[in-house]
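Written below as structure tokens is the structure these notes are about.
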Amino acid sequence: MNNQVNAMREFEGESRSAVAPAVSPAQRFYWSIRRELWENRSLYVAPLTIAAVALIAFSLSSIVGIWETPLSLDPAKPHGPYNLAAGLMMLTGIVVSIFYCADALHGERRDRSILFWKSLPVSDTTTVLAKGCIPLVVLPLLIFAIAFALQWLMLLVSSAVLFVSGKSVAELWRNLSFFRMTWLLLYHLVTAHALWPLPVYCWLLLVSGWARRATFIWAVLPVIAIGGVERLVFGTWHFAALVGSRLIGNLATGAATSRDAFPTDPMTHIHPSCFLGNPALWLGFVIAAVFLVAAIRLRHSQGPI
Amino acid sequence: MVCIEARGLRKAFGTKVALDGIDLHVEEGRILGLIGPNGAGKTTALNAILGLTSYEGELKVLGRNPWTERDQLMCDVSFIADVALLPRWARINQLLDYVAGVHPRFDRTKATTFLSRTSIQLDAKVSALSKGMVTQLHLALIMAIDARLLVLDEPTLGLDILYRKQFYDSLLNDYFDRSRTIIVTTHQVEEVQNVLTDLMFINHGRIVFRCSMEEFESRYLELLAHPDHAAEARTFKPIHERHAFGRSIFLYDGVNRQQLAAFGELRTPSIADLFVALLGEKSTNHEIRERAAL
Chain A
-3 MNNQVNAMRE FEGESRSAVA PAVSPAQRFY WSIRRELWEN RSLYVAPLTI AAVALIAFSL
57 SSIVGIWETP LSLDPAKPHG PYNLAAGLMM LTGIVVSIFY CADALHGERR DRSILFWKSL
117 PVSDTTTVLA KGCIPLVVLP LLIFAIAFAL QWLMLLVSSA VLFVSGKSVA ELWRNLSFFR
177 MTWLLLYHLV TAHALWPLPV YCWLLLVSGW ARRATFIWAV LPVIAIGGVE RLVFGTWHFA
237 ALVGSRLIGN LATGAATSRD AFPTDPMTHI HPSCFLGNPA LWLGFVIAAV FLVAAIRLRH
297 SQGPI
Chain B
71 MVCIEARGLR KAFGTKVALD GIDLHVEEGR ILGLIGPNGA GKTTALNAIL GLTSYEGELK
131 VLGRNPWTER DQLMCDVSFI ADVALLPRWA RINQLLDYVA GVHPRFDRTK ATTFLSRTSI
191 QLDAKVSALS KGMVTQLHLA LIMAIDARLL VLDEPTLGLD ILYRKQFYDS LLNDYFDRSR
251 TIIVTTHQVE EVQNVLTDLM FINHGRIVFR CSMEEFESRY LELLAHPDHA AEARTFKPIH
311 ERHAFGRSIF LYDGVNRQQL AAFGELRTPS IADLFVALLG EKSTNHEIRE RAAL
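From first to last, the protein sequence lines stand for chains A and B.
First residue of the first sequence? That's -3 in this note's numbering, and the numbers climb one at a time after it.
First residue of the second sequence? That's 71 in this note's numbering, and the numbers climb one at a time after it.
This is the structure in structure tokens:
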């Protein structure tokens, strides 16, 4: 008991401040995002690795000339390798997003750390929205930044190679229209890789908060089941095509040129009014919101597995 | 001030009733021990208090509804559920940054001071720490939070004896004061006997016994009876009798100390012995409730 008395005396001097300094919701949101980046290092490690490999491959092909006429050394038609690099980065982005979302609300339940997170004054809404923001905002921006840096470096490498081999660097720069390419890349990332597939990401978040194990199987199973039933009953593939288009972007409905079934090519111009005026986009938002609300409710009631 | 107020707290998982209408009233500044066998409903009760599980009935913690206001409540409540719940991928620095970022009552200097007394490196990962170090880390985080209620669910599970002793020492010396409330559940009842101010036994989802430790010490007596006086001692209606080293050990409830002194050595029973006496196999719930009539 003596210990207790001592402890009481020790603490009587520093009584609890009546008003604690407030922490704003934005601050909690910011730290929740930071937490996701700490926890999921693959979010930036994977794209950076792919970008590094792409840069090395490009440099080798430029310098040594792996192909008969090295890809990068045609100043008249310079876009090919840049679009290839952008497509590669965006594909990486999709894969990372899918893996991230399928584990986002599962990991913390699996390792029981959800009890620690829930012992802090951060609401379930903040936590789930922060997780939703990763594929919607953080990853597209990250992919954009990395792809931008990669294309710059590629441009420098090919300029140097052209310069050394005595060809026209100016022609390359003139034909490449680098800034238009960059702008279209960002535009494409936001539309085709963040907004359009949002329902898929939110669906994965929801399943990761619900399933006890094998989140991927639970996420895919309903799609296969519905698609299978549709195929057997009606003999069509509409549902599977619908889901597929959300994931790898058949933007036919929003694209000005509808023959682009797979617009990894960021130069594909998706007309903004076409895109935003597409009811399917807004329907997708509604469905995504429903999935998100359900995921927040699950975070509220679920404990460690 | 009232810290926790519950009326008819009930929780069922399917047909299994985990909490069967519990009434709770915990004043501020108490250290309450919640003791019970596995599956008695201790963790469910704590989870309800912490807003981790839904429930039926009325429950107010520091004047708030824990189920709907968990995030605001956690400004004033801390808890340690057990040893293995800090995220293993995190670095110590990151955890400090995060808690400092989201918690208005977290004092980072205090936490680093606690940590500087341990061998934990701030740039280490949680996964690189031993079980004991993880508990020290968690304790450092929790004790740097100026909370009004601290909930500990089996805090020393899986720790070796040195750490267990240290754990409760730091809790009393560095943390507890009159305005804080602590609730602890544990199977290691002997460790907390000198720490608690209040005691509560829970079984089959019901509170079967409760008293303050002062009451416990004045009310219950254990007699290590001299073999010659065992029969006489028995006439004072002990609530429990056991045998050790050929001698009878009796446990009395509310019997005058002077009357028993002649029969052998008297001492305060351990919580574990009272627990066995009240909840042992011979006692039915009905008897316990009669004895523990409050």
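In this text, a Cβ means the ideal position worked out from N, Cα and C, and glycines have one as well.
Being a predicted model, the structure only gives us computed values, none of them experimental.
Worksheet item: Are there 16 or more other CB atoms within 10 angstroms of the CB of R276 (chain B), so buried, or fewer, so exposed?
Response: Translated into the one-based positions of the second sequence, residue 276 (chain B) becomes position 206. With 16 or more Cβ atoms within 10 Å of its Cβ, R276 (chain B) is classed as buried.
Item to complete: For the beta strand (DSSP E) containing L321 (chain B), list its first residue and its last residue.
Response: Along the second sequence, one-based indexing puts residue 321 (chain B) at 251. Judged by DSSP secondary structure, L321 (chain B) falls within the beta strand (DSSP E) whose first and last residues are 317 to 323.
Practice prompt. Starting from the beta carbon of D193 (chain B), find every residue of chain D whose beta carbon is closer than 7 Å, and list them in chain order.
Written response: Included in the structure are the protein chains A and B, with no chain D among them.
Worksheet item: Can you name, in chain order, every residue of its own chain whose Cβ lies under 8 Å from the Cβ of V259 (chain B), other than the five neighbours on each side?
Response: Locating residue 259 (chain B) in the second sequence gives position 189, counting from the first residue. Only G103, I105, S340, I341, A342, F345 meet the Cβ criterion.
Worksheet item: Quick one: what's K307 (chain B) bridged to in DSSP?
Response: What you label residue 307 (chain B) is simply residue 237 of the second sequence in a count that begins at 1. In DSSP, K307 (chain B) forms no bridge with anything.
Discussion item. Quick check on the DSSP output: the alpha helix (DSSP H) that includes F230 (chain A) runs from which residue to which?
Written reply: Your numbering for residue 230 (chain A) matches position 234 in the first sequence. Unbroken alpha helix (DSSP H) run through F230 (chain A): 211 to 230.
Discussion item. Less than 9 Å between the C-beta atoms of G223 (chain A) and A236 (chain A), yes or no?
Written reply: Counted from its first residue, the first sequence places residue 223 (chain A) at position 227. Counted from its first residue, the first sequence places residue 236 (chain A) at position 240. Yes, the Cβ-Cβ distance between G223 (chain A) and A236 (chain A) is below 9 Å.
Worksheet item: What residues in its chain sit with their C-beta under 6 Å from that of S124 (chain B), if we drop five residues either side in the sequence?
Response: For the purposes of this step, residue 124 (chain B) is taken as the residue at position 54 of the second sequence. Closer than 6 Å at the Cβ level, and outside the excluded window around S124 (chain B), lie W137.
Worksheet item: Applying the criterion that 16 or more other CB atoms from any shown protein chain within 10 Å of the CB defines a buried residue, is E35 (chain A) buried or exposed?
Response: Here residue 35 (chain A) refers to the residue found at position 39 of the first sequence. Around the C-beta of E35 (chain A), 16 or more other C-beta atoms lie within 10 Å, and the residue is accordingly described as buried.
Worksheet item: In three-state DSSP terms, what is K81 (chain B)?
Response: Numbered from its first residue, the second sequence carries residue 81 (chain B) at position 11. DSSP places K81 (chain B) in strand when its eight states are reduced to three.
Worksheet item: If we count Cβ pairs, one from each stretch, closer than 8 Å, do we get three or more for the segment 224 to 232 of chain A versus the segment 71 to 80 of chain B?
Response: Not touching, per the Cβ criterion.
Worksheet item: So what does DSSP say about V286 (chain A), is it helix, strand or coil?
Response: In the first sequence, counting from the first residue as 1, residue 286 (chain A) sits at position 290. Secondary structure at V286 (chain A): helix, using DSSP grouped into helix, strand and coil.
Worksheet item: Ordered along the chain, which non-local residues of its own chain (more than five positions away) have a Cβ less than 7 Å from that of Y96 (chain A)?
Response: Translated into positions along the first sequence, residue 96 (chain A) becomes position 100. Same-chain partners within the cutoff: N36, L39, I130, P131.
Fill in: Length of the line joining the Cα atoms of F306 (chain B) and V254 (chain B)
Along the second sequence, one-based indexing puts residue 306 (chain B) at 236. Along the second sequence, one-based indexing puts residue 254 (chain B) at 184. V254 (chain B) has its alpha-carbon roughly 34 Å from the corresponding atom of F306 (chain B).
Worksheet item: Which chain B residues are close to G299 (chain A), counting only those with a beta carbon under 8 Å from its beta carbon?
Response: As a position in the first sequence, residue 299 (chain A) is number 303, starting the count at 1. Those within 8 Å of G299 (chain A) in chain B are N117, L122, T123.
Item to complete: Run the CB neighbour count on T232 (chain A), radius 10 Å, all protein chains shown included, and call it buried at 16 or more, exposed below.
Response: Position 236 of the first sequence, counted from the first residue, corresponds to residue 232 (chain A). Counting Cβ neighbours within 10 Å, T232 (chain A) comes out exposed, since fewer than 16 surround it.
Worksheet item: Hey, does A151 (chain B) have any beta-carbon neighbour from chain A nearer than 9 Å?
Response: Along the second sequence, one-based indexing puts residue 151 (chain B) at 81. Chain A contact via Cβ: present.
Discussion item. Counting only C-beta atoms, is Q164 (chain B) closer than 9 Å to chain A at any point?
Written reply: Here residue 164 (chain B) is taken as the residue at index 94 of the second sequence, counted from 1. True, the Cβ-Cβ gap to chain A drops below 9 Å.
Worksheet item: According to DSSP, which residues form a beta bridge with R337 (chain B)?
Response: The residue you call residue 337 (chain B) lines up with position 267 of the second sequence. BP columns for R337 (chain B) point to B:E292.
Worksheet item: Start and end of the beta strand (DSSP E) containing H95 (chain B)?
Response: Position 25 of the second sequence, counting from 1, holds the residue named residue 95 (chain B). Where H95 (chain B) is concerned, the enclosing beta strand (DSSP E) stretches over 86 to 97.
Worksheet item: Nearest-angstrom Cα distance between Q298 (chain A) and D216 (chain B)?
Response: Stepping through the first sequence from its first residue, residue 298 (chain A) is reached at position 302. Stepping through the second sequence from its first residue, residue 216 (chain B) is reached at position 146. Roughly 27 Å between the two C-alpha positions.
Fill in: Reduced DSSP secondary structure (H/G/I, E/B, other) of I301 (chain A)
Start at 1 with the first residue of the first sequence, and residue 301 (chain A) comes out as number 305. If DSSP states are grouped into helix, strand and coil, I301 (chain A) belongs with coil.
Fill in: Reference S155 (chain A); option with closest CA among A:C198, A:I213, A:F54, A:L217
Here residue 155 (chain A) corresponds to residue number 159 of the first sequence, with the count starting at 1. A check of alpha carbon separations from S155 (chain A) across A:C198, A:I213, A:F54, A:L217 identifies A:F54 as the nearest.
Worksheet item: Nearest chain A C-beta to Q263 (chain B) closer than 9 Å, yes or no?
Response: If you number the second sequence from 1, residue 263 (chain B) lands on position 193. For Q263 (chain B), the answer is no, since every Cβ of chain A falls outside 9 Å of its Cβ.
Worksheet item: Per DSSP, which one or two residues make a beta bridge with H313 (chain B)?
Response: Taking the first residue of the second sequence as 1, we reach residue 313 (chain B) at position 243. The partner list for H313 (chain B) (beta bridge, DSSP) reads B:S318.
Item to complete: Determine, using beta carbons only, whether Y168 (chain B) comes closer than 9 Å to chain A.
Response: Position 98 of the second sequence, counted from the first residue, corresponds to residue 168 (chain B). Closer than 9 Å to some Cβ of chain A, the Cβ of Y168 (chain B) qualifies, so yes.
Discussion item. Would L143 (chain B) pass as an interface residue toward chain A - the criterion being a Cβ-Cβ separation below 9 Å?
Written reply: Here residue 143 (chain B) corresponds to residue number 73 of the second sequence, with the count starting at 1. At least one C-beta of chain A is nearer than 9 Å to the C-beta of L143 (chain B).
Discussion item. In this structure, how does DSSP classify D223 (chain B) when only helix, strand and coil are distinguished?
Written reply: Along the second sequence, read from residue 1 onward, the residue named residue 223 (chain B) stands at position 153. Correct three-state label for D223 (chain B): strand.
Worksheet item: What residues in its chain sit with their C-beta under 8 Å from that of I139 (chain A), if we drop five residues either side in the sequence?
Response: Along the first sequence, one-based indexing puts residue 139 (chain A) at 143. Excluding positions up to five away in sequence, the list reads P43, M85, M86, T88, G89, L185, H189.
Discussion item. Could you check whether the Cβ of E32 (chain A) sits closer than 9 Å to any Cβ belonging to chain B?
Written reply: Against the first sequence, residue 32 (chain A) aligns to sequence position 36. It does not; no Cβ of chain B falls within 9 Å.
Worksheet item: In three-state DSSP terms, what is L269 (chain B)?
Response: The residue you call residue 269 (chain B) lines up with position 199 of the second sequence. L269 (chain B) carries a strand assignment under DSSP once its states are collapsed to helix, strand and coil.
Worksheet item: How many Å lie between L185 (chain B) and L207 (chain B) at the Cα?
Response: Residue 185 (chain B) sits at position 115 when you count from the first residue of the second sequence. Residue 207 (chain B) sits at position 137 when you count from the first residue of the second sequence. Computed Cα separation, rounded: 7 Å.
Worksheet item: Which parts of the segment 131 to 215 of chain A are runs of the alpha helix (DSSP H), unbroken and 4 residues or longer, counting only runs that do not cross its ends?
Response: Taking only runs of at least 4 residues, the alpha helix (DSSP H) segments lying wholly in the segment 131 to 215 of chain A are 135 to 160, 165 to 172, 174 to 184, 194 to 206.
Item to complete: From the DSSP output, in three-state form, read off I255 (chain B) for me.
Response: Reading the second sequence from its first residue, position 185 is the one you call residue 255 (chain B). Residue 255 (chain B) is actually Thr in this sequence, not Ile. Assigned with DSSP and collapsed to three states, T255 (chain B) falls in strand.
Worksheet item: Between the segment 16 to 29 of chain A and chain B, which residues of the former have a C-beta closer than 9 Å to a C-beta of the latter?
Response: Listed by position, the residues of the segment 16 to 29 of chain A near chain B (Cβ gap below 9 Å) are A16, P17, A18, V19, Q23, R24, Y26, W27, S28.
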